[in-house]
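**Student:** As they're listed, the protein sequences go chains A and B.
Quick note: the first sequence, position 88, residue 88 per this note's numbering, numbers continuous.
Quick note: the second sequence, position 39, residue 39 per this note's numbering, numbers continuous.
Where a beta carbon is used, it is the ideal one built from N, C-alpha and C, also for glycine.
Since the structure is predicted, the reported quantities are computational estimates derived from the model, not experimental observations.
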Amino acid sequence: DVKVTQSSRYLVKRTGEKVFLECVQDMDHENMFWYRQDPGLGLRLIYFSYDVKMKEKGDIPEGYSVSREKKERFSLILESASTNQTSMYLCASSPPPAYEQYFGPGTRLTVT
Amino acid sequence: RKEVEQDPGPFNVPEGATVAFNCTYSNSASQSFFWYRQDCRKEPKLLMSVYSSGNEDGRFTAQLNRASQYISLLIRDSKLSDSATYLCVVNKNSGGYQKVTFGIGTKLQVIP
Numbered sequence: 001d002v003k004v005t006q007s008s009r010y011l012v013k014r015t016g017e018k019v020f021l022e023c024v025q026d027m028d029h030e031n032m033f034w035y036r037q038d039p040g041l042g043l044r045l046i047y048f049s050y051d052v053k054m055k056e057k058g059d060i061p062e063g064y065s066v067s068r069e070k071k072e073r074f075s076l077i078l079e080s081a082s083t084n085q086t087s088m089y090l091c092a093s094s095p096p097p098a099y100e101q102y103f104g105p106g107t108r109l110t111v112t
Numbered sequence: 001r002k003e004v005e006q007d008p009g010p011f012n013v014p015e016g017a018t019v020a021f022n023c024t025y026s027n028s029a030s031q032s033f034f035w036y037r038q039d040c041r042k043e044p045k046l047l048m049s050v051y052s053s054g055n056e057d058g059r060f061t062a063q064l065n066r067a068s069q070y071i072s073l074l075i076r077d078s079k080l081s082d083s084a085t086y087l088c089v090v091n092k093n094s095g096g097y098q099k100v101t102f103g104i105g106t107k108l109q110v111i112p
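1. Are the C-beta of B/P10 and some C-beta of chain A separated by less than 8 angstroms?
2. Can you pull the chain B neighbours of A/P105, defined as C-beta to C-beta under 7 angstroms?
3. Have a look at A/E17 and A/T107 and give me their C-alpha separation to the nearest angstrom.
4. Pop quiz: A/E69 and A/V24 are said to be a contact at Cβ under 8 angstroms. What is the actual Cβ separation, rounded to whole angstroms?
5. On the DSSP letters alone, give me the boundaries of the beta strand (DSSP E) that B/C40 sits inside.
6. Where does A/L41 sit, in a helix, a strand or coil, going by DSSP?
7. Roughly how many angstroms lie between the CA atoms of B/L64 and A/V12, to the nearest whole one?
8. Who does B/K107 pair with in a DSSP beta bridge?
9. Examine the Cβ distances between the stretch 30 to 38 of chain A and the stretch 83 to 100 of chain A and report whether three or more of them are shorter than 8 angstroms.
10. Looking at the structure shown, is B/N27 part of a helix, part of a strand, or coil, going by DSSP?
11. Hey, out of B/K2, B/E3, B/E15, whose CA is closest to B/K79's CA?
12. Looking at C-alpha atoms only, which residue of B/E56, B/Q69, B/T85, B/G54 is the closest neighbour of B/T106?
13. Using the DSSP secondary-structure output, state which residues sit across from A/N84 in a beta bridge.
14. In chain order, what residues of the same chain have a beta carbon less than 7 angstroms from the beta carbon of B/S83, not counting five sequence neighbours either side?
15. Would you mind listing the beta strand (DSSP E) stretches within the stretch 46 to 106 of chain A that are 3+ residues and don't spill past its ends, in chain order?
16. Run through chain B and tell me which residues come within less than 8 angstroms of A/L76, C-beta to C-beta.
17. So, does the CB of A/L11 fall closer than 8 angstroms to a CB anywhere in chain B?
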């Protein structure tokens, strides 16, 4: 059974803080993704990675960066959190060619 | 125009009813199509892939119309447990990798 875990279910941070969201998958998947989900906007792709140390911008990368040092781990970094980054963050992984994505439970981030 | 469009609903239907959702996509080069289901406060999970010939899984039928650029999901004999948000997903090749785009989802509420 594929398992994707995320470091926190709920997180509250202050404006300007650096925030790390961690995602780990246990199925040796090449592809990993970070999304944010907001009411009325759906799931929007922030960044994705098709291999270790490889990253590609998604549709809304501004204000975010990522790191993939190991195949099983994909980190999302908010360099200086802002209130408009309050959202649900979902990590996913998939084998190539990214047909079925397996999602983690999500991290609800609140920036105050 | 959005790449993937869905009616957000909600669709309120009685138990036992048949309900259908459509999803339109703008890029004719799109290659693969899926329906995901997302329960309230949970992560999305793959419901079914959508093939040109159409496919059926129990009470669920998915169809693709490439000429009109839409996919559909039909649910027969609705159950209370079908209440969820149904996300349409469209993949296309982009620079050697698969670009995945989610619709905003259609909310279904099955009422007793």
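**Tutor:** Once the coordinates are examined:
1. no
2. E43
3. 17 angstroms
4. Actually they are not in contact, since the Cβ atoms of A/E69 and A/V24 sit about 12 angstroms apart, beyond 8 angstroms.
5. Where B/C40 is concerned, there is no enclosing beta strand (DSSP E), given that its DSSP letter is neither H nor E.
6. coil
7. 42 angstroms
8. B/T85
9. yes
10. coil
11. B/E15
12. B/T85
13. In DSSP, A/N84 forms no bridge with anything.
14. L108, Q109, V110
15. 64 to 70, 73 to 78, 87 to 94
16. Within 8 angstroms Cβ-Cβ: nothing; A/L76 doesn't reach chain B, min ~16 angstroms.
17. no
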